[in-house]
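**Q** Numbering (this note's numbering), first residue to last: 18 to 102.
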Ligand SMILES: [Zn+2]
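1. Which residue or residues does DSSP assign as beta-bridge partners of residue 96?
2. In whole angstroms, what is the alpha-carbon distance linking residue 23 and residue 57?
3. Where residue 73 and residue 34 are concerned, what is the direct C-alpha to C-alpha distance, given to the nearest angstrom?
4. Less than 8 Å between the beta carbons of residue 21 and residue 69, yes or no?
5. Measuring alpha carbon to alpha carbon, tell me which residue in 88, 66, 81 and 101 is nearest residue 26.
And the structure:
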């Protein structure tokens, strides 16, 4: 079990969340990208071993997106932040 420290709700079991993907910066001007570049942004991620920033959705809680810092080897969680738009 992983405990995710939701910045809105506090510590919660991972079962309440959906892990989406690596948190990569959104392109400044998506309309300027080719289809191949957009496809690469949406689907191709580095998937590194070790510490990553990931987007998680608190589906069974506040229903907000958060950024979780998680080690993909150990599943240790170093913290979580609200998504800033
Ligand atoms: Zn929450």
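Here a beta-carbon is modelled for each residue, glycine too, at the ideal position from N, C-alpha and C.
**A** Concretely, from the data shown:
1. The residue you call residue 96 lines up with position 79 of the chain shown. Residue pairing by DSSP puts residue 96 in a beta bridge opposite 86.
2. For the purposes of this step, residue 23 is taken as residue 6 along the chain shown, with counting starting at 1. For the purposes of this step, residue 57 is taken as residue 40 along the chain shown, with counting starting at 1. When rounded, the distance between both Cα atoms is 29 Å.
3. The count along the chain shown starts at 1 and reaches residue 73 at position 56. The count along the chain shown starts at 1 and reaches residue 34 at position 17. The straight-line gap from Cα to Cα measures roughly 6 Å.
4. For the purposes of this step, residue 21 is taken as the residue at position 4 of the chain shown. For the purposes of this step, residue 69 is taken as the residue at position 52 of the chain shown. No, the Cβ-Cβ distance between residue 21 and residue 69 is not below 8 Å.
5. In the chain shown, residue 26 corresponds to position 9, counting from 1. When each option's Cα is compared against that of residue 26, the closest is 81.
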